[in-house]
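Just below is one structure, and these are the notes that go with it.
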Amino acid sequence: MSGLVLDHEPVSGIPHGKLAMWVFLASEIMFFTGFFASFIVLRNANIDLFTNSAQALNKWLALLNTIVLIGSSLTMALSVLAIEKGNKRNFQLYMTITILCAFTFLIVKYFEYTSKFSHHIYPWTDLFYSYYFLTTGFHGMHVIGGIIPMVWMLMRSFTKKGYHNHVRVEVLGLYWHFVDLVWIFLFPVLYLMFPTSYVPPIH
Amino acid sequence: MSSPVLVSDTHHDVHTDHGHHEHHKQSFITKYIFSTDHKMVAKQFMLSALFFLLIGGALALLLRWQLAYPGEAVPLIGQFLPELIASDGVIQPGLFIQLTTMHASVMIFFVIIPLAVGLFGNLCIPLMIGTDDMALPFINLLSFWLYFLAGIVAAAGFFVQGGAGASGWTGYPPLSAIGGLGQTLWIVAVFLVGFSSILGGMNYVTTVLNKRAPGMKMFDMPLSVWAIFITSVLMVLGTPVLASAVSMLFFDNVLHTSFFMPDNLTVASPYANGMKHSGGGQPILFQHLFWFYSHPAVYIMILPLMGVVSDVLSTFSRKPIYGYKAMIFAIMAIAFLGFIVWGHHMFQSGMNPLLGTTFMLSTIVIAVPSAIKVFNWLGTIWRGSIRYTTANMMALGFIATFIIGGLSGVFMASAPVDIYIHDTYFIVAHIHYVLFGGSLFGIYAGIYYWFPKLFGKMLNEIWGRRHFFWTFIFFNLTFFPMHILGVGGHMRRIHDPNVYDFLKPFQPWNEFITIMAIILGFSQLILFGNIIYTWIWGPKAPKNPWNANTLEWHAPSPPPHGNFLAPVRVYRSPYEFSHPDRADDFHPQWLAPGEVEIEETTTVSETQNTH
Amino acid sequence: MILAAIPSFTELLGMFDMLKWFPENVSTFGHELDNLFAFIYYISLGIFFLTYGVLIAFMIKYRRKDNVKAYYYHGNNLVEFTWTLLPTILFAGIGLYSDGMWEKTKYEKKVPVPDVEVQVMGYQYGWTCRYPGPDGTFGRQDRNQMTTSNRFGIDSADAAGKDDIVKDGSFTFPINRNIVVGLSASDVLHSFFLPNFRVKQDAVPGQWIKVWFNGTKVGKYELACAELCGSGHYNMRGEVTMLSQADFDKWLSDESAKKLGVSFAVSPVKSDSSATKKNDSTATVVAVATTDTSKTTNKKSK
Amino acid sequence: MAHLTETETKKEYLKVFFGLMALTVLTVVAAVLHFPESWGKAGDTLHIGIGILIAIVKVLMVIYIFMHLKFDHPYLRFMVIVPVFLFFVLTFALNVLGP
Ligand code: HEA
Ligand code: HEA
Ligand code: CUA
Ligand SMILES: [Cu+2]
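Just so you know, the sequences run in chain order A, B, C and D.
Each residue of the first sequence is one higher than the last, beginning at 1 in the numbering used here.
Each residue of the second sequence is one higher than the last, beginning at 1001 in the numbering used here.
Each residue of the third sequence is one higher than the last, beginning at 2001 in the numbering used here.
Each residue of the fourth sequence is one higher than the last, beginning at 3001 in the numbering used here.
As structure tokens, this is what we get:
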């Protein structure tokens, strides 16, 4: 008996990893669909509560984070491009920036969270904050889940053998853009529910 | 790497993703525990899920005992039950709902789904599309171990203070949100097993789209592969919604948030440490999210088996599938409609009755593709030449019971009829007719059919038939009377029906059901005996014991690492049985036109020897 | 013990006569629901015998025989089309038939003008029911006053609440009257199940749902909880007593007397109005008044 | 993006990046502005609605260019279309016909 390797070209023309990542992203969209759909329901039932509570959020920090994350999306796309063209220096450069952006995002989030805690705002404080911590928490976990392989790839690229698996980088890139994309929705939904000059009914 | 590579040394593990050989013997751990080989993962899924079947069944028998003989100590086992949940061996109300909850959760999340997609997905897909392994072998391994971990977490519930999850397998809040640690573990387990499903599903989709053997178009795939493929799509799209629902439930349960908790509940959770729910949430929201997954999930539990049954039926009737494409479109239709009918579980839940109308109509429509499938199966055996192997008997049993289960579904699909039978034993009867009579029979059919391929040994047919007859007869005796209880108004999940006067006349039925259930349970041991016996002493299986056409029968039994001895090419559709121009009554997919197969492992052309 | 549990052959055959297992129906629409069940049941029975007949016949007729080769055939589109179309038509029929009944029993706008309007609250583990009392109006509800001893949260500051009658576990209604129940729960989900009336509706905390029925027969009937609500779920039994209008009026005034310490000679506003309602459309006052209460409780912070 | 050179691609990416930035600024500006009463109530759905509309444009840009959906196999579009369809099914049932 013998082992047979049947590694012919992917029938669909899309590399396995990339196809699988897209399928996974479809599934991720459904995951956040659950959150967003119920957000709409519960917000509609508690509009005043949601608008009032959202006042305490710091939209400038969120704006900073949006910029950071979009920037990291750009550098991620550039690093995919670099490794495809075999440009090791550029890959390392862009990947490093991406990772730094990701960490910046997390650090800003950390300050946001601790400032909430110091004002005695916790997930169980009210429904809006439950949402805030739930969605940003899951988003933050996705960020962490992206940083780990990024760091790993970057480290590998500094070894003697280097890192050349451009499909994997591309797949990771897809994931990272998705993480960015979730934030693009979270930003207006959580932080920008009302004009700044808006005077809330209570408080 | 566009052309396949043949490697001849058995002992050398071939790592497809690195393209180099590692020259060491596989240790026990890498071979059996952390193997990424799809056949090993299939075996792992099969054995652990069958083990869970024993557990889940044992829980069912325990709860059956209480229903038949309320207040009487459970014989033999009773004395081992801890005093907290059972006094003097008598099952207490708290334990009873834990049993119901865990019975169903184990059966659904740890038995049927893993067998239907974990076992058959891993077993069938690579072999039947003629490739060496899954597209993502490591993800495959991960999927199994997440499942295993989830199993341990779920089972741990029984050993923590307050006992296991006790809000039904549907885990409706607010009840589930005020539960204790066992309930939390249940939530975590569901999340983990859902994650495992997603990983599995994404792997299957990729494999089917990317790794088909040359010559195999989508419409050359056997129905099993089609069914599992579409099921995987359901899993990928449905399961994450469950994951988000249980994430919110986890927050409610552990952090005392209020996604599903309305204002001012007069009970606080005994586990809340003085923390009060802030309110503002909606309990029904959870039900929507839950059923948005769990209705597709019931099709996740039946579609793969519909595929398996089609393959088995065609092979043993020696006849092409009647309406191959219609079968595929029916599967697609069921899958699509499956996403827009979830509300039929919630007719009485207090959602807008307008939605009730919508969901009623879509649910009734979903019976049409199911009807098409049933009729096509009948068309398949029509003018066939039926062999009554165990696998085929199980497949026919599947059809027989699925018809009954499906028809009872139509009653409930009619919302006004559901008013009365909702949450009664009528539902329980339906569940078991489709899940035991349907899914489990389909799984048994698949196990008897593919065991020779997977393990290289032939299961004992005589005991197999005994297994079938005992199961089929006692299955019907156990579950058919539940329709009667349901029509009588007997509620689900009640610890002692004798509280109600109008249920007292039904007590003899409860006793009868229990006795039948015990016999049914013990008849399943035949299967376990058969498997263990065969594994050790059974006769070796030939390469193609059933003279079937699909590619897996081209590989040796059991298939080596890499599955096939030579690159596979596909020449025809999978069900070319009894072609009038051929002497043989089958024409395998892998034979080139004019080629005949003369010996176990080599193929020779009619005119000249190619090797 | 075990032998006694095994039914006789005729009893086994009797399994197929599904309809006889229903508990006695005592509501006006109950028999229509039963008829719908029967309709689907007979269709199903027909399909069952048809498919089983075909299945068994094929299984016998086409079992393997030597020298007989199976028929090489891939199917026929016309046949395929026919057996798609036929069930579709059949199902359309079932759907239409069902929808009428569904609207009648559950649509909020089809709830009939109430003769008796009450509120029922499910809790772990029991049912409690509130009658508006002689003044025919429910006292205001204050969610913050909801406690285990005041499950409806009847506002102690509201005079209209003083005469409200609250009964725990066993409720009384008149026959041949439209009884409209505002249903809710105070802790977890429950389900208000009256087998004899063919009524079932989940009680959802934070939400008021209207349920109605019209009983036709005097007697005592059981009320069950049909939604898992904890370890005491099985024991969440209630009782509904159906009385003639006269007995009901008497019962009501006795209860009011007990509550207020005053006796009422003749039964008050409420049941009077229901007696004359058939031709007097102004009697809807009661309904309006109660809708108001439910508004204050139903809509949250909006 | 096989048909573009490296520099062309880079340019494309930068365009998208600056487009995203501009839209982000627009989102914030829109959130600060006051709109006529007839457009809808502030703090109700108006501002959040505008925010989401802009977000959809941004997301499409990310998906089409950064994630290469514009150039990739048409299969992959289903991975976005189908979940989005299901999102609408769920949201429709929950909100339009909802509780
Ligand atoms: C494998 C699992 C499986 C399958 C396949 C199905 C199939 C169907 N189910 Fe079932 N269902 C469950 C598993 C499944 N169900 C479970 C587990 C629950 C309970 C969950 C819980 O609450 O715990 C449930 C509950 C459930 C309910 C909710 C009841 C309630 O709680 O009140 C409803 C209501 O509509 C329903 C309907 C249907 C319908 C219409 C089908 C249809 O798909 C059936 C279609 C099949 C046929 C119709 C038969 C074959 C066709 C013919 C022979 C052709 C001719 C027929 C005609 C012309 C009528 N199911
Ligand atoms: C695939 C799914 C599946 C399967 C196979 C079964 C199998 C069985 N089920 Fe299950 N059941 C469900 C899915 C399933 N069930 C679901 C989804 C529910 C709804 C739960 C809810 O309300 O939330 C349910 C609910 C349910 C109820 C209603 C509980 C209630 O509402 O109070 C009952 C009652 O009779 C019951 C009985 C049985 C019986 C007797 C079996 C028998 O077939 C079991 C046969 C036994 C075995 C196969 C094991 C044999 C074991 C031994 C012989 C002992 C050896 C032991 C060891 C080695 C440990 N089930
Ligand atoms: Cu209340 Cu069950
Ligand atoms: Cu369903």
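Think of the CB as a built atom: it goes at the ideal place given N, C-alpha and C, for glycine as much as any other residue.
Treat the numbers as computed from the prediction; the structure is a model and nothing was measured.
Proximity of residue i and residue j at Cβ, strictly below 7 Å
i, j, result
"Ile-1139(B)", "Asn-1210(B)", "no"
"Pro-1416(B)", "Leu-2183(C)", "no"
"Gln-2124(C)", "Cys-2229(C)", "yes"
"Pro-2195(C)", "Gly-1094(B)", "no"
"Val-1341(B)", "Thr-1231(B)", "no"
"Ile-2094(C)", "Phe-1411(B)", "no"
"Ala-1413(B)", "His-1344(B)", "yes"
"Ile-1513(B)", "Thr-1478(B)", "yes"
"Leu-1099(B)", "Leu-1063(B)", "yes"
"Ala-2092(C)", "Arg-1318(B)", "no"
"Thr-1401(B)", "Tyr-1448(B)", "no"
"Ile-1198(B)", "Ser-38(A)", "no"
"Asn-2214(C)", "Asn-2178(C)", "yes"
"Ala-1333(B)", "Pro-1304(B)", "no"
"Phe-1259(B)", "Gly-1281(B)", "yes"
"Val-1254(B)", "Phe-1191(B)", "no"
"Gly-2153(C)", "Gly-2126(C)", "no"
7 Å Cβ cut-off: residues of chain A touching residue i
i, result
"Phe-3085(D)", "The premise fails here: Phe-3085(D) is roughly 10 Å from chain A at the closest Cβ pair, so nothing lies under 7 Å."
"Ile-1198(B)", "Ser-27"
"Pro-1346(B)", "In the sequence on display, residue 1346(B) carries Met and not Pro. Here the premise fails: no neighbours, minimum Cβ distance about 14 Å."
"Ala-1243(B)", "Phe-31"
Identified DSSP bridge partners for residue i
i, result
"Met-2121(C)", "Thr-2128(C), Ser-2184(C)"
"His-2190(C)", "Ala-2203(C)"
"Cys-2225(C)", "Phe-2192(C)"
"Phe-2171(C)", "Val-2240(C)"
"Gln-1491(B)", "Reading off the sequence, residue 1491(B) comes out as Met, not Gln. DSSP lists Thr-1424(B) as partners of Met-1491(B)."
"Ser-1087(B)", "Val-1090(B)"
"Trp-22(A)", "DSSP lists no partner for Trp-22(A)."
Chain-ordered chain D contacts of residue i [CB-CB under 7 Å]
i, result
"Asp-180(A)", "Val-3062"
"Lys-85(A)", "Glu-3006"
Chain-ordered chain A contacts of residue i [CB-CB under 9 Å]
i, result
"Val-948(B)", "Since the first residue shown for chain B is 1001 and the last is 1611, residue 948(B) is missing from the structure and cannot be characterised."
"Gln-1282(B)", "Ser-38, Val-41, Leu-42, Ala-45"
"Phe-1259(B)", "Ser-38, Leu-42, Leu-127, Ser-130, Tyr-131, Leu-134"
Within chain A, the residues that residue i reaches when beta carbons sit closer than 8 Å
i, result
"Leu-3026(D)", "Under the 8 Å cutoff, chain A gives no residues; its nearest Cβ is about 11 Å from Leu-3026(D)."
"Phe-3071(D)", "Correct list: empty, because the minimum Cβ distance to chain A is about 12 Å."
"Lys-1127(B)", "For the sequence presented, residue 1127(B) should be read as Leu rather than Lys. Within chain A, no residue comes near Leu-1127(B); the closest Cβ sits about 12 Å away, beyond 8 Å."
Contacts of residue i in chain C (Cβ-Cβ under 8 Å)
i, result
"Met-1360(B)", "Gly-2095, Ser-2098, Asp-2099, Trp-2102"
"Pro-1174(B)", "Asp-2187, Val-2188, Leu-2189, Pro-2205"
Under 7 Å from the C-beta of residue i: neighbouring residues of chain B
i, result
"Leu-3033(D)", "Result: empty, since nearest Cβ-Cβ is about 29 Å, beyond 7 Å."
"Leu-3090(D)", "Phe-1292"
Contacts of residue i in chain D (Cβ-Cβ under 9 Å)
i, result
"Leu-1142(B)", "Within 9 Å Cβ-Cβ: nothing; Leu-1142(B) doesn't reach chain D, min ~21 Å."
"Phe-128(A)", "Per Cβ cutoff of 9 Å: no residues; Phe-128(A) is ~13 Å from chain D at best."
Cross-chain neighbours of residue i in chain C, by beta carbon under 9 Å
i, result
"Asp-1585(B)", "Lys-2069, Ala-2070"
Listed by chain order, chain B residues near residue i by CB distance under 8 Å
i, result
"Val-3057(D)", "By Cβ distance, chain B contributes nothing, its closest Cβ being about 25 Å from Val-3057(D), past 8 Å."
Contact between the region 1296–1315 of chain B and the region 1381–1399 of chain B (3+ Cβ pairs under 8 Å): Contact between the region 1296–1315 of chain B and the region 1381–1399 of chain B is present, because at least three Cβ pairs lie under 8 Å.
Assess, as a yes-or-no matter, whether the region 2071–2078 of chain C is touched by the region 1421–1437 of chain B under the definition of 3 or more beta carbon pairs within less than 8 Å. When Cβ pairs closer than 8 Å are counted between the two stretches, the region 1421–1437 of chain B is seen not to touch the region 2071–2078 of chain C, the count staying below three.
Quick check: the region 138–146 of chain A against the region 55–63 of chain A, are there 3 or more CB pairs under 8 Å? Counting Cβ pairs under 8 Å, fewer than three are found: no touch.
For the region 1046–1055 of chain B against the region 1500–1510 of chain B, do three or more pairs of beta-carbon atoms, one drawn from each stretch, fall closer than 8 Å, so that the two count as touching? The region 1046–1055 of chain B makes no contact with the region 1500–1510 of chain B; the number of CB pairs closer than 8 Å stays below 3.
Could you say if the region 1543–1563 of chain B and the region 1104–1121 of chain B meet the contact criterion of at least three C-beta pairs nearer than 8 Å? No, the region 1543–1563 of chain B does not touch the region 1104–1121 of chain B.
Using 8 Å as the Cβ pair cut-off and three pairs as the minimum, do the region 2023–2032 of chain C and the region 1348–1361 of chain B touch? Touching, no, given that fewer than three Cβ pairs across the two stretches are closer than 8 Å.
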